[in-house]
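Chemist: Residue numbers (our numbering), protein chains in the order written: chain E, 130 to 304; chain R, 161 to 681; chain D, 3 to 716; chain G, 37 to 138.
Backbone N, C-alpha and C define an ideal beta-carbon position, used for all residues, glycine too.
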Amino acid sequence: MTTAQIIFLVVAAVTLVSAFMVVTTRNLIHAALWLVATLFGVAVTYALLNANFLAVVQVVVYIGAIAILFIFAVMLTRKEMRDQGPQLNSAWWISALLAVLTFGGLVGMLWGWKGMDTLASEMPVGFDSVSALGDALISPNAFVLPFEVASVLLLAALVGAVYVAFNPRSGDSRK
Amino acid sequence: MNFIYEHLLLVILFFPTLAALVMLFLPAGENKLLRWFAFGASLVPFILSVWLWTQFDPNAVGYQFEAQYPWYQALNSSLHLGMDGLSLTMVMLTTLLTPIALLASFSINDRVKGYMMLFLFLETGMLGVFMAVDLLIFFVFWEVGLVPMYFLINQWGSPKGEREVRSIFGKFTMSARNYASLKFMIYTMGGSLGLLLAVQMLGVLFGNYDLQYITANWSNYSKDLMGISVSTVKTVAFWAFVIAFAVKVPLWPFHTWLPDAHTEAPTAGSMILAGVLLKLGAYGFLRLVLPLYPAEAKYFAGALAFLATAAIVFGAFASFGQTDFKRLVAYSSVNHMGFVVLGIAAAASAVGTQDATIALNGAVLQMFNHGLSAAGMFFLVGVIYERTHTRNLDDFGGLFPLVPVYGGILIFTSMASLGLPGLNGFISEFLVVRGSLPLLPVYTAISMLGLLMTGAYILKGIKQVLHGPLNEHWAHGEHKLTEINTREILVMAPLMVLILVIGLWPAWILDVINKAMMMLF
Amino acid sequence: MTTETLIWLIPLPPALAFFLIVLFTNKNKALSHSVGVGAAVLSWLASMVVFFRALGVEHLGEHPFVSSVNWLPTGDTWFKIGVAIDPLGAAVLFFVSITIFMIFLYSVGYHNFGQPKGDHDRAGLPPHGATVTDEQGHKHTVPSVEPMYSRFFAFLGLFAFGMYTLVVSDNLLTMFVGWEIMGLCSYLLIGFWYGKPSARAAAIKAFMTTRIGDVFMLLGIAFLYSATGTLTFREIFTEEMLQHLVSIDPHFLGLTGAGLIGLLLFIGTVGKSAQWPLHVWLPDAMEGPTPVSAMIHAATMVSAGVYAVIRMFPLLSLDHNTMTVVAFIGTFTAIFAATIAVAQNDIKRVLAYSTISQLGFMIAALGIGAYVAAAFHLITHAFFKALLFLGSGSVIHGMEHGVLHTGNHSVDPQDMFNMGGLRKKMPITFWTFLIGGFALSGFPLLTAGFWSKDEILADAWANGHLVVFVTLALAAFMTAFYTMRQITLTFLGEPRTKEAEHAQETPWTMTVPLMVLSVFAIGYGWVGIPENFLNLQLAPSWFHEFVGGTLAEHPEVIPFNPIPLIVSLVVALGGLLLGWLYYRNVNSAKEDFFQIPLLKNKYYFDEAYQVVFIKPVIWLSEVFTYKWLDQGLIDGILHFFGPATGGIGGFIRQYIDLKVINEFIGDGLAAVTQETGRTLRPIQTGRIQQYMMLSLVILAVVGALLYFMLGAGL
Amino acid sequence: MIPLSWYLIFAAGLFSLGLFGVLARRNAVAILLGVELMLNAVNINLAAFWRYGNVTDMTGQVFAIIVFAVAAAEVAVGLALVISVYRSRNTVVADEIDMLKW
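Below is the structure:
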């Protein structure tokens, strides 16, 4: 067992446990914090995969922005949520069953796939994945258009979010 | 002028419609304007058809003034118009009676615009039937004529009166004019269902609806149709035609719509109904039944003659049994039109002989004559109805001293209707009897009973209205009966002149008819 | 002007007069009668010219005046109408024109021209008299002028037109035209006082009864026309045409074609000439003004019937059976009507039945083949019967004077038992009436009636028709008897009522026609004295020679035989004598032995016809045809269709549309959907997680299915 | 060396946990947390396939970047909705936000 394997297993175990905590913790703040942990785990996984840029973005965007956003949201809606009954609905066992089934199904499908045991090839010498990614994102021959579309989507989502969350009753500033 | 001459039939046919459409834009309240406009407009086709008469060559074979306009090309049906001596006579009658009827309608004050427009539409419908040389067009105009008449009866008919309808399902009452108009409409349409089917069959068979083409080919068509022997098909189609026309004529026992429709229709409506619409049926016999089904017509001539004789005899009896003046006159139409069909039946039994030609001459002339005298009679009934608001013969009595001029005109017209020699009805009845006697002696002899009863009911009418002790109710005060006025005399004048002229010197019209009949059969 | 043109013109003046009066001059009485009488004069003049020109033609029978024009196109040929004057036509024209002229003239006086307007007179009723105040201030009631004076002349004009047309026609059709026009005019004139229900009924009766005959006649004409292709007399009465007619077999009662046609035409005459059994209209026709009665009964209409049969004699004589029928009808009518006449009290009704009886003589004469005798009696009868009618009119007029004078309107001025002694009051009327009456009775040697009646009897005897001979002789006896009864009751003796005392002679316009006609009532007989009368070898009878020339075969002169002469002398004189002897002592109807109910009521023919024909016809019309057949059966069937269609529609709606389509298919589908929806609704919790779960479950199931079912093939 | 299957199974596990969270949590915010987990699981897969495929082809990473953007957008709108619903209905319990039903 190589070091990388051990690291991976540890990170994966931590991540899955954190994820489990995310979906089961009663306290939402805790859940959000557990999410942060999960996201860290994923970031490490990215690093293990030599996707350095993704790992960084994961930390910056997910943990820095999204997770914080969740915590804000939890706090904004908190007063009702505090210790009010079960955090899982009555049909949680169906959900669990479905989750297990999904997992089983996915694994089952993967099982017979011959590419399962592929090993990663060595990174080519002098290959810089970050700059290659940058090239790909803004190259007219590659993904500039989806990239720009994604940015427009993001903008639209922001505007939409502002509009949806805006409270007309307290929004005196509009007048 | 040249354009009019080249499209003379089209102009005559659609001028009334055009005028009616123009009327749409005239102010609705101006009754005087509307009346005169409609009257003037109806004079135009009359003048044109007089011109047509002068231009018509009775010796020429086939249709004259033929004109063909595209209409329904997918079916090979075209607006094909034409004129021979038979249609000419009928067109003349129509264009003559329409202005007269419009003049007679000047006393209508209710929704004058609609009334006049309907009348003009009606004229187009009637003319179309007489001019059509295309089966489908014939049928279209045949049905078109119904609609205005329906509304005229339904809307402008006698406002009073309820009709109790008894049937095996129990009885109920409805307004008399509603009953009459419905009966008229549904009966005629029901009758023409078979006609439509038969026309369509011919259309499918020959791929077009041209009357001349179909006439030339149908009578000796001998292939089986749809697995049914051609003689069966022809027999069924023959009766489909006959029933459609028999309802319109009306032949006994399809006649009961007529007294109701006549009685309830407005005066001018009755005039046109009796004067022209009934002729459509007889015209159908002459134009379609005899040429298309010579063999069947010959075979069933006896049956037709039986119905005609029944119409003559029962029509006369029923007329005699009436207490309603208008109904009496209405039944007289059944009686008179019976002679037309008798002549046609006789002719059918021996097409081409001199007897047949004479019978046909009589039948066609009888159509024309009945148009004149029946229109006159209905108008005269209308005149007195307008003044007294009753048609019950028992309510009159001894009116002659109050209305001597009216009385004179009534007697004159009645005598024409009775078939007094020297007036027009006699000529045609004599010709029919003369033509039918050698061919259908028994039926002709029986129909003489109808001729006898004609006298009885005509005299009954005169007796109850004019003669006898004066009914003082009409002599004084607000009910005082007023004499026929100048307009009404003007309505009667052309009819009376024609009645007398044809009675004394029928050759001018009979010559045209005679030649047409010789060529047609 | 050629004679033919003149013949064409003869009927026109009266027709023009009719139109002129109706259209223009009807307001002016003087102008109207001037037009009317003027037209009669013109026609009379023209007729006279034609008559005398006809006299001048040798063998007029073979070369009559003829002229024709095309009238009706009939296929390739034309039906021609035209005029013709042959000897028979000329002879008839002669008496027709004179009597018409006289009747026109008479009408002026009869309708009180020049008298004031009546106080309460009203169109449609006879004038009731007017009150005038003379210079001394006395009030008198005088006759008033007829309110419809102008109209009367118009009708007379039309009537005359009809008669002239009939006489001058060269064919049956125009003859029929004139015949029917007269029928109309008789209707109008009998119903002239249409305000009286009795007059109205009589008019209709006259028209309808004659129309029965006319209808048969029309059938006969049509038959004849189709059999021969022509209606012109001269073309029909050719040898081959007549043979052709005989050879036709119409399969009817074993008659030949000629026989059937003849019979049909004869039925027309039966109606028109009031022969039994269609005689009923004629007595009732007395409701009309008296000139009308004269016109109808003497000059024109009834004569027309006989004239038609005489015209058709060549055709009729072809079939023995027809001739027998004709002879029987004529003979029977002659005796039958004579018996009724004996019991009538109305002065005009007696004459009416006498007319029927005399017409029976003529018909009987024809039936036994006595062509000339029939024609002769027709003409003499026309003269003396017109005279008698006009005379009776004069009597009535005089009596009306009396009635107006006394003011007692309950007295019937026509009842002979109210008269008596008028001889002194109305001398001209008396003498002329006497002449007429004697002529009717056949007063020997002097009067026209004797010669004509004698000729009929002689013919009957000579041809061996003994039954006819005896019956006619009996009828002649009764004729003389009732004529004398009439004269006695009316003129002789003393006045039986005050009204009769105040009767007055009538004005000249009425008496002049009487005098003129009485001349002919005597003189016309002399033109027909048989050449072998009493075996005296006189000049040949002009009438026999002239009129007999009409026929292709000149009728033979019958040999003289004293028996018919003696018989006719006995019956005429005996009847007159007995009548005078009996009735000079009778002063009221109760004393009259002959007031037998059966005769007085005309053998109850009217009542019988009422029950046998009229009532059933009315029932047939009102109840059977209209109520049962039309309204019941035919409309019943129609009304079956209406509600039946409604019923079918209702059924379809009730049980198919509503139940099957709406409830089962329409509502059913909806219900199923709704129920399914309702059932499935709980799924729609609105809870997004459950939706998702569901979709996942389904995905899982579908995936599993795909996997296990298709997986095998993968 | 780590075989591809490890990453894939790891991602599948993460995805299933996210799915459970989405399906079973009552709190709307918590559901969104579950969605984040699922998105991360997808991203892991994308990155793994990039690494174990042709490294020079950057498609996998680009997709992951775009998923980041979408995730960010989703969270922004989602949370905005949650807040909006919370304001109007005073709850963020998914079961109670059932206006979508018939």
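1) How would you list, in chain order, the residues of chain B whose beta-carbon sits under 8 Å from the beta-carbon of E/Val186?
2) Kindly indicate if chain E contains any beta-carbon less than 8 Å away from that of D/Met695.
3) Output needed in chain order: residues of the segment 225-236 of chain E with a Cβ under 9 Å from some Cβ in chain D.
4) Express the C-alpha separation of R/Thr284 and R/Leu169 in angstroms, rounding to a whole number.
5) My guess is that R/Leu246 and R/Ala676 are in contact by the Cβ rule of under 8 Å, so how many angstroms apart are they, rounded?
6) According to the neighbour-count rule (16 or more other Cβ atoms, all chains shown, within 10 Å of its Cβ), is R/Ser382 buried or exposed?
7) Is D/Gln612 helix, strand or coil by DSSP?
8) Go ahead and pull the three-state DSSP assignment for R/Ser237.
9) On the CB-based measure, 16 or more other CB atoms within 10 Å of its CB, does D/Glu64 come out buried or exposed?
10) Around the C-beta of D/Thr240, are 16 or more other C-beta atoms found within 10 angstroms, so that it is buried, or is it exposed?
11) So, does the segment 428-439 of chain D touch the segment 392-405 of chain D, judging by three or more C-beta pairs under 8 Å?
12) Just checking, does the segment 87-95 of chain D make contact with the segment 58-72 of chain D on the three C-beta pairs under 8 Å criterion?
13) What runs of the alpha helix (DSSP H), each 4 residues or longer, lie entirely inside the segment 162-203 of chain R?
14) Run down chain R in chain order and give the residues with a C-beta less than 8 Å from the C-beta of D/Thr627.
15) At what residue ranges does the segment 399-447 of chain R contain a whole run of the alpha helix (DSSP H), taking only runs of 4 or more?
16) Can you pull the DSSP bridge partners for D/Thr76?
17) Just reading off the beta strand (DSSP E) that D/Lys207 is part of, what are its end residues?
18) Given D/Pro15, which residues of its chain have a CB within under 6 Å of its CB, disregarding the five upstream and five downstream residues?
19) Between which two residues does the beta strand (DSSP E) carrying D/Thr133 extend?
20) Using a Cβ-Cβ distance under 8 Å, would E/Ala305 count as near chain D?
21) Thinking C-alpha only, which one of R/Thr254, R/Val300, R/Gly200 and R/Lys192 is nearest R/Arg271?
22) Determine the burial state of R/Val221: buried for a count of at least 16 other Cβ atoms within 10 Å of its Cβ, exposed for fewer.
23) Assuming D/Gly439 and D/Ile489 are in contact, meaning their beta carbons sit under 8 Å apart, how far apart are those beta carbons, in whole angstroms?
24) According to DSSP, is R/Gly242 part of a helix, a strand, or is it coil?
25) Secondary structure at R/Trp231, three-state DSSP: helix, strand or coil?
26) So, under 8 Å CB-CB, D/Thr324 and D/Phe268 are touching, yes? Tell me the CB distance rounded to an integer number of Å.
27) Taking 8 Å as the threshold, find out whether the segment 282-302 of chain R comes into contact with the segment 231-246 of chain R through three or more Cβ pairs.
28) Pairs of beta-carbons, one from the segment 563-575 of chain D and one from the segment 439-455 of chain D, closer than 8 Å: are there three or more?
29) D/Lys29 lies in the beta strand (DSSP E); which residues open and close that run?
30) Excluding the 5 residues flanking D/Phe254 on each side, which residues of the same chain have their C-beta closer than 6 Å to its C-beta?
31) Could you give the first and the last residue of the continuous alpha helix (DSSP H) run that contains E/His159?
32) How would you list, in chain order, the residues of chain G whose beta-carbon sits under 8 Å from the beta-carbon of E/Phe256?
33) Could you confirm whether any beta carbon from chain D is found closer than 8 Å to the beta carbon of E/Ile223?
34) Answer with yes or no whether the minimum CB distance from G/Asn76 to chain E is below 8 Å.
35) Assign E/Val139 to buried or exposed, taking buried as 16 or more other Cβ atoms, counted over all protein chains shown, within 10 Å of its Cβ.
36) Can you pull the chain D residues whose beta carbon is under 7 Å from the beta carbon of G/Val111, in chain order?
Modeler: Looking at the atomic coordinates:
1) Absent from the structure is chain B; the protein chains it does hold are E, R, D and G.
2) yes
3) Leu227, Leu230, Thr231 and Gly234
4) In a straight line, the C-alpha of R/Leu169 is about 11 Å away from that of R/Thr284.
5) 5 Å
6) exposed
7) helix
8) strand
9) exposed
10) Flag for D/Thr240 reads exposed.
11) These segments touch.
12) yes
13) Annotation note: the segment 162-203 of chain R contains the following uninterrupted alpha helix (DSSP H) runs of length 4 or greater, listed N- to C-terminal: 162-166 and 168-183.
14) Phe474, Phe477, Ala478 and Gly481
15) 417-424, 427-432 and 438-444
16) D/Thr79
17) Counting along the chain, D/Lys207 falls outside any beta strand (DSSP E), though it belongs to the alpha helix (DSSP H) covering Pro199 to Thr230.
18) Ala41, Leu44 and Ser45
19) Ala132 to Thr135
20) What is shown of chain E runs 130 to 304, which leaves residue 305 of chain E out entirely.
21) R/Lys192
22) Its Cβ having fewer than 16 others within 10 Å, R/Val221 is exposed.
23) 5 Å
24) DSSP places R/Gly242 in strand when its eight states are reduced to three.
25) Three-state DSSP puts R/Trp231 in a strand.
26) The C-beta distance from D/Thr324 to D/Phe268 rounds to 7 Å, short enough to meet the 8 Å contact threshold.
27) As far as the Cβ criterion goes, the segment 282-302 of chain R touches the segment 231-246 of chain R, which means the pair count is three or higher.
28) Counting C-beta pairs closer than 8 Å gives three or more between the segment 563-575 of chain D and the segment 439-455 of chain D, which meets the contact rule.
29) Premise fails: D/Lys29 is in no beta strand (DSSP E) and is neither H nor E.
30) Leu262
31) Leu157 to Leu177
32) Val91 and Thr92
33) yes
34) yes
35) exposed
36) Going along chain D, no residue has its Cβ under 7 Å from G/Val111, so there is no contact; the nearest lies around 17 Å.
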